[in-house]
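Written out below as structure tokens is the structure these notes cover.
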Amino acid sequence: GQSLEQPSEVTAVEGAIVQINCTYQTSGFYGLSWYQQHDGGAPTFLSYNALDGLEETGRFSSFLSRSDSYGYLLLQELQMKDSASYFCAVTNSGGYQKVTFGTGTKLQVIP
Amino acid sequence: NAGVTQTPKFQVLKTGQSMTLQCAQDMNHEYMSWYRQDPGMGLRLIHYSVGAGITDQGEVPNGYNVSRSTTEDFPLRLLSAAPSQTSVYFCASSGAGAETQYFGPGTRLLVL
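Protein chains in written order, with the numbering used here: chain A, 73 to 183; chain B, 2 to 113.
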């Protein structure tokens with residue numbers, strides 16, 4: 073089966089940089105996605121990595137190492153509105169594509 | 002574009018009742034999926050579909066049925082509601098693959 077591990081909570085200061093790690097175990101790995109979810113809201117897509125390396129989208133970057141089964145989300149110039157839960161999700165390629173989500177990291181940004 | 006829409010927003014059921022959660026998307030996406038999210042947990046895949054007429058089970062399919070007769074609609078049926086099905090249900094869609102999913106606003110379901 074699939075399993076993902078990410079820290080349950082992270083606290084960081086406004087304006088700082090924070091890294092949220094995700095390690096996974098899966099068969100037929102296809103790619104790693106990141107989603108943001110504010111309290112009471114729906115998840116929204118942030119980024120996706122299929123190949124090793126860094127993908128940058130504005131203040132957010134995501135990294136993947138397939139050999140280490142590891143990825144991270146990097147948030148720069150933190151803003152109060154970045155306080156939310158962040159989920160990593162693995163897409164596996166066995167047969168039809170299936171997605172498995174981690175349990176999420178609750179990020180609190182403090183002044 | 003409305004994106005992904007879900008109805009109802011809230012629902013209270015009694016144990017044993019059945020109901021259908023509606024999901025529709027107007028982005029012509031082939032891939033659609035249903036997740037449930039329980040407090041403090043991630044999203045768990047219930048069922049998914051890779052196109053009209055094709056569905057498959059996810060991680061927690063028991064007690065739920067789906068069908069996909071059109072590209073736009075992907076309803077989720079609860080056959081006989083149980084308190085363990087109290088949760089927030091999200092529908093999502095994506096293009097050719099599953100890696101970039103767009104989520105609906107969710108349905109909050111309480112089973113008494």
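Yeah, the Cβ is synthetic: ideal placement off N, Cα and C, and Gly gets one too.
Host beta strand (DSSP E) of residue i (start-end)
{"i": "Tyr36 of chain B", "result": "Tyr32 to Gln38"}
{"i": "Val5 of chain B", "result": "Val5 to Thr8"}
{"i": "Lys15 of chain B", "result": "Note, Lys15 of chain B: premise wrong, no beta strand (DSSP E); not H, not E."}
{"i": "Met20 of chain B", "result": "Met20 to Gln26"}
{"i": "Glu110 of chain A", "result": "First, the residue type needs correcting, since residue 110 of chain A is His and not Glu in the sequence shown. Looking at the DSSP string, His110 of chain A is not in any beta strand (DSSP E), and its letter there is neither H nor E."}
Burial state of residue i, where buried means 16 or more other Cβ atoms lie within 10 Å
{"i": "Leu183 of chain A", "result": "Looking at the sequence shown, residue 183 of chain A is not Leu but Pro. Pro183 of chain A should be labelled exposed."}
{"i": "Arg37 of chain B", "result": "buried"}
{"i": "Thr177 of chain A", "result": "buried"}
{"i": "Leu80 of chain B", "result": "exposed"}
{"i": "Ser70 of chain B", "result": "exposed"}
{"i": "Thr108 of chain B", "result": "buried"}
{"i": "Thr101 of chain B", "result": "buried"}
{"i": "His48 of chain B", "result": "buried"}
Spatial neighbours of residue i in its chain, beta-carbon cut-off 6 Å, leaving aside the 5 residues before and after
{"i": "Gly21 of chain B", "result": "Sequence check: residue 21 of chain B is Thr here, not Gly. Excluding sequence neighbours, Thr21 of chain B sits near Pro76 and Arg78."}
{"i": "Asn172 of chain A", "result": "Here the sequence assigns Thr to residue 172 of chain A, which means Asn is not the residue at that position. Contacts found: Gln74 and Val162."}
{"i": "Ser95 of chain B", "result": "His30, Tyr32, Thr101 and Gln102"}
Straight-line Cα distance separating residue j from residue i
{"i": "Tyr102 of chain A", "j": "Asp124 of chain A", "result": "12 Å"}
{"i": "Gln18 of chain B", "j": "Glu127 of chain A", "result": "47 Å"}
{"i": "Asp39 of chain B", "j": "Phe11 of chain B", "result": "15 Å"}
{"i": "Ser119 of chain A", "j": "Cys160 of chain A", "result": "10 Å"}
{"i": "Ser184 of chain A", "j": "Ile92 of chain A", "result": "No information on residue 184 of chain A is available, as it lies outside the stretch 73 to 183 that chain A covers here."}
{"i": "Leu46 of chain B", "j": "Glu60 of chain B", "result": "5 Å"}
{"i": "Val85 of chain A", "j": "Thr72 of chain B", "result": "45 Å"}
{"i": "Leu104 of chain A", "j": "Thr16 of chain B", "result": "38 Å"}
{"i": "Val82 of chain A", "j": "Ser157 of chain A", "result": "10 Å"}
Neighbourhood of residue i by C-beta, 8 Å cutoff - its chain only, sequence neighbours within 5 removed
{"i": "Gln137 of chain A", "result": "The sequence given here has Ser at residue 137 of chain A, not Gln. If we look at Ser137 of chain A and ignore the five residues flanking it on each side, its Cβ neighbours are Asp124 and Gly143."}
Beta-carbon proximity list for residue i, same chain, < 7 Å, skipping 5 on both sides
{"i": "Val51 of chain B", "result": "Glu31 and Tyr32"}
{"i": "Pro9 of chain B", "result": "Thr108"}
Every unbroken alpha helix (DSSP H) within the region 69 to 101 of chain B, with a cutoff of 4 residues, ordered by chain: none
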